[in-house]
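Q: So that you can map any letter, position 61 of the sequence shown is 61 in our numbering, and since no number is skipped, the others follow by simple counting.
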Amino acid sequence: MRRRRLPGLLAASAIAPARAQTIPADIRLIVPFAAGGATDLLARRLQALLETQGIRIAVENLTGGGSMVAMSRLAQSRPDGRTLGLASHGLIGQIAAGEIPLRLDQFAPLVRVAIDPSVMVVGARSPIRNQADMLAALRRAPGPTIGAAGPLGTVGHLRTVGLAQEARGEFTYIGYPGAARVANELIGGHLDLGLVKPNDVFGQIRSGELRVVSVLEDARLRQMPDVPTITEAGIAPYPFGRMQLMTYVTAPAGMAAGLREALTTLLRDSVLSAPFQAKAEEDCYIADAAHGEALADAIQATLEAIRAAQARVARG
């Protein structure tokens, strides 16, 4: 397999080593979700940008077991830069719960490509018009039905548990295989509320089929400045610790330091590029290109928050 040097990119980075490191000219990027979804689109955007740098990216969608099938394949790959993967909070949650035979130390995180805010949405015909209505519904027995992607114990469910705990409310959780199903159920009037990432359903939000009633974050979103945050209602958005919905490029553990730094620089520059940032703005996610200790700390904080939330659920 041919290899290519990228000294220009390396020289521009504060984290780059003194000498240029070789990066494979052909890289397989494993995506643990089906083609066409939000995570796959992130991979395709990286693919297009890296190809302008002379790096050919083959995106491989390996579904099954949440993230287990894809991430198991990545963990077993050689740490030579030829195989990378897109990991997410879903993988962190599975590891935190001990649901899969994988550990975080089997991976070498490189660069974060997306942080997704969490928002609560309703169908266009819902009687829940705003955040006050949402909180009233939570506090009125037996509480609303709330749907999110993933079964009990996954991040969507745990975020909802935290919201109900802080609002002193109750709800019935319904887990779906993906955000598209949540949106369809809301639009059809079969579900009261949905906890989603805007990136997954922004088309339905723009068309008016879904209405955002609350942002479950500390700050309002630029793309929907009129929607209040749950913090404005005096409710902590992260009662168990900062449980971030994020996607990041990772490699198998054991990669040589110089190669890891070179790949980090290449990916960081791609994520911070104008085209990638424009899509992040358009689709309502944050592309901060966190790497190194900042990314490691965010992963660890999410792991600990998930474990705290899971312990709360186990206590009933």
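The beta carbon of each residue, even a glycine, is placed where N, CA and C say it ideally should be. The structure displayed is predicted, hence computed values, not measured ones.
1. Do you know offhand how far Gly188's Cα is from Leu84's?
2. Can you tell me the Cβ-Cβ gap for Leu159 and Leu216, rounded? I've got them flagged as a contact below 8 angstroms.
3. DSSP on Ala108, reduced to helix/strand/coil?
4. Return the bridge partner residues of Tyr176 from the DSSP annotation.
5. When the Cα of Ala289 is compared with those of Val271, Pro151, Gly241 and Ala58, which residue comes out closest?
6. Cβ atoms of Ala164 and Leu195: under 8 angstroms apart, would you say?
7. Taking the alpha helix (DSSP H) that Met68 belongs to, which residues open and close that run?
8. With distance defined between alpha-carbon atoms, name the residue in Asp133, Gln131 and Phe276 nearest to Ala48.
9. Is it buried or exposed, Gly66, if we count other Cβ atoms within 10 angstroms and call 16 or more buried?
10. Anyone know if the C-beta pair for Val113 and Leu46 falls short of 8 angstroms?
11. Residues in its own chain within less than 6 angstroms of Phe240 by CB, not counting five upstream and five downstream?
12. Note down the Cα distance separating Leu191 from Val182, rounded to an integer number of angstroms.
13. Keeping to the same chain, check which residues put their C-beta closer than 7 angstroms to that of Arg44; ignore five residues upstream and five downstream.
14. Would you mind giving the Cβ-Cβ distance between Val121 and His291, rounded to the nearest angstrom? I have them listed as a contact below 8 angstroms.
A: To lay it out plainly:
1. Between Gly188 and Leu84, the C-alpha separation is close to 39 angstroms.
2. The question names Leu, but residue 159 is Arg in the sequence shown. Confirmed, Cβ separation roughly 6 angstroms.
3. Assignment of Ala108 by DSSP, reduced to helix, strand and coil, places it in the strand class.
4. Per the DSSP secondary-structure output, Tyr176 pairs in a beta bridge with Ala149.
5. For the residues Val271, Pro151, Gly241 and Ala58, the minimum Cα distance to Ala289 belongs to Val271.
6. No.
7. Per DSSP, the unbroken alpha helix (DSSP H) holding Met68 starts and ends at Met68 to Ala75.
8. If you compare the alpha carbons of Asp133, Gln131 and Phe276 with that of Ala48, the shortest gap goes to Phe276.
9. By the neighbour-count definition (other C-beta atoms within 10 Å, threshold 16), Gly66 is a buried residue.
10. If you check the CB distance, Val113 and Leu46 come in under 8 angstroms.
11. So the list reads Gly162, Ala305, Ala308 and Ala309, once near-sequence residues are dropped.
12. Pairing Leu191 with Val182, the inter-Cα distance amounts to about 8 angstroms.
13. Once the five neighbours on either side are set aside, the close Cβ partners of Arg44 are Val59.
14. Their Cβ separation, rounded to whole angstroms, is 32 angstroms, which puts Val121 and His291 out of contact at 8 angstroms.
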